[in-house]
Amino acid sequence: MDIIDKTGFKVLKILKLLYLIILIKYMNNLVIILRTLLNTNEDEKMYKSIDLFAGIGGIRLGFDQAFKNDIKTVFISEWDEKAMETYKANFGDNIDVVGDITEIDEKDIPSHDILLAGFPCQAFSLAGHKKGFEDARGTLFFDVARIIKYHRPKVVFCENVKNLVNHDRGRTFQIIRNILEELSYAVFYQVLNSKDFGVPQNRERIYIVAFRNDIAPSDFVFPQKTDDTKVIKDIVEENEVSSKYYLSTAYLTSLKRHKVRHISKGNGFGYEVREATSVAGAIVCGGMGRERNLIIDERLTDFTPVTHIKGEVNREYIRKMTPREWARLQGFPDEFKLPVADTHLYKQFGNSVTVPVIRAIAEQIKLYLEKVNAETKKKRIII
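If you're matching positions, the sequence shown starts at 639 in the numbering used here and goes up one per residue.
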C-alpha cells in the first residue's frame, strides 16, 4: 500500500510538472502572439528609408507625411551644398549628408526598406546592347542599381521628367526597367500631373514604383486625381511683396519685343503673364523659368527700386513669383524654411518635386506594405 501511495505521489508530481511546462510554453506562445498582434516591436514597425539625389527633401517630405511616425531616414545623399543647407534647416537630422554618391561604397550605406531617388535623366552609352545591369555603368542610375543589388530594399521609388519614357528613342527607360526586373523587382509606372493634386501647376512627371518580387503585387494602383483644385490666386503671397520682384520697364520692353519677333517666326517664347484664375506652367530652374510664370499684382505701393535695374519698376504691376510662391506651387507647407538666397531657392524648387503627388503615391505604397505585414503576421501565428 505504501508503495502504491508513493508511486501515485510521484506520478502526480510528474503530471503537475508536465502541466506547468505546458502552461509556461503556452504563455510564451501567447506573449509572442500578442506582441505580433500589437506590433510592439519598434524595429519591425519602423520603415527605414534612404534619400538619394535628395535635393531639398521633397520626396522624403511626401513619404514622411504619408507614413507619419512609421518611417525613418537613415541615409542622405546630395552634392549641392546650398540644397543641403535648405534640407538641413528643415529636417534637422543627426545624419552626415554624403556628397557624391559615385564615391560611396554600397556596403557603407545602412540597410533599408525603401529607396528614394530623383535621379537625373541621362542617356546610356551602351543602350541597345542588352548587357543588362552593365548598360547603366557611367550613369547615376548605375549607382542606384548597385545599391539596390546589394541591399535589396522592399520598395524603390523614383521620380523623373515625363520625357524619360521617350528619352533616347525610349532606350533609357527600357534599360531602367530591364535592370530593375533583372534585380528581381516588379516595376510599375505612371505619368501624373501636379495640377490634379491640389496645386496650381501644370507639371507632368513620371513616377516609378518597384516592389521586390517576393512581396510584389500583381498590380499597383496609382492615386487618382483629387477634387482639390487650385488656381494661382490661391497661392500668391498674402501681403505686398518687395519691388525687387517686379520687372523693370527696360526688361519688360525687351521681353515684349522678343516675343513679337519669335511669334512672327512661328516660334514660342518663354515670357508669359498668367491669369490669376489659371494654373502656372511647370516651374523650371533654367533659361526663362521665372518669366514663364509672371503675374499681375497691383498691391505694390512703393515703386522705388531696391536692386540695380535698367529703367524704373514697371507700372503694369507685372512681377515674378516669389520663392515662397514657387514653394506653394510644389505643395511645400508654409512652415518649410527658406534659408538661402532667392537665386538658389528658385533653382531648388524648380528642381524639386510636387509634395502632394509624392504623398498620394506613398500612401498607396504604405497601404500595400501594411497588407504584406498583416499576411506575414498571420503566417507567424499559424506557425
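Backbone N, C-alpha and C define an ideal beta-carbon position, used for all residues, glycine too.
Asked	Found
Extent of the continuous alpha helix (DSSP H) run through Gln703	696-705
For Ala920, the three-state DSSP class (helix, strand or coil)	coil
Where Ser749 falls, given that 16 or more other Cβ within 10 Å makes a residue buried	exposed
Coil, strand or helix - Ser856 by DSSP	coil
Simplified DSSP state of Ala998, which is helix, strand or coil	helix
Counted within 10 angstroms of its Cβ, other Cβ atoms place Phe941 as buried (16 or more) or exposed	exposed
3 or more residues per run - each beta strand (DSSP E) lying fully within the segment 790-836	793-799, 823-831
Selection from Gly693, Val995, Ala1012 that minimises the alpha carbon distance to Lys833	Val995
Sufficient close CB pairs (3 or more, under 8 Å) joining the segment 862-873 to the segment 841-851	no
DSSP state of Gln986 mapped onto helix, strand, coil	helix
Identified DSSP bridge partners for Ile752	Ser687, Val793
The segment 944-955 contacting the segment 882-896, beta-carbon criterion three pairs below 8 Å	yes
Cβ-based burial, Thr740 [other Cβ within 10 Å; buried from 16]	exposed
Residues near Gly836 by beta carbon distance below 8 Å, same chain, minus five either side	Thr864, Asp866, Thr867, Lys868, Gly969, Pro994
Residue burial classification, Asn679 (beta-carbon count within 10 angstroms, cutoff 16)	Reliability of the predicted coordinates at Asn679 is poor, the pLDDT of 49 falling under 50, and no value is obtained from them.
For Leu1007, the three-state DSSP class (helix, strand or coil)	helix
Where the beta strand (DSSP E) containing Glu936 begins and where it ends	Neither: Glu936 is in no beta strand (DSSP E) and is coded neither H nor E.
Nearest to Lys897 (by Cα), restricted to the options Ala920, Ala1012, Glu929	Glu929
Integer-rounded CB distance, given that Pro855 should sit under 8 Å from Gln1002	Actually they do not touch by this definition, with Cβ atoms about 10 Å apart.
Three-way DSSP call (helix, strand, coil) for Ile739 in this model	helix
Ala755 and Phe691 closer than 8 Å at C-beta	yes
Buried versus exposed, by CB contacts within 10 Å (16 or more), Val924	In the sequence on display, residue 924 carries Gly and not Val. With fewer than 16 Cβ atoms within 10 Å of its Cβ, Gly924 is classed as exposed.
Cβ neighbours of Lys768 in the same chain (closer than 7 Å, five flanking residues each side left out)	Reliability of the predicted coordinates at Lys768 is poor, the pLDDT of 46 falling under 50, and the value obtained from them is presented with this limitation in mind. Hits under 7 Å: none found.
Residue-chain proximity (Leu778, chain D), Cβ-Cβ < 8 Å	In summary, chain D is missing from the structure at hand, where a single protein chain is found.
Local conformation of Glu719 per DSSP, three classes	helix
Extent of the continuous beta strand (DSSP E) to which Glu963 belongs	It is not in any beta strand (DSSP E) - Glu963 instead sits in the alpha helix (DSSP H) that spans 961-967.
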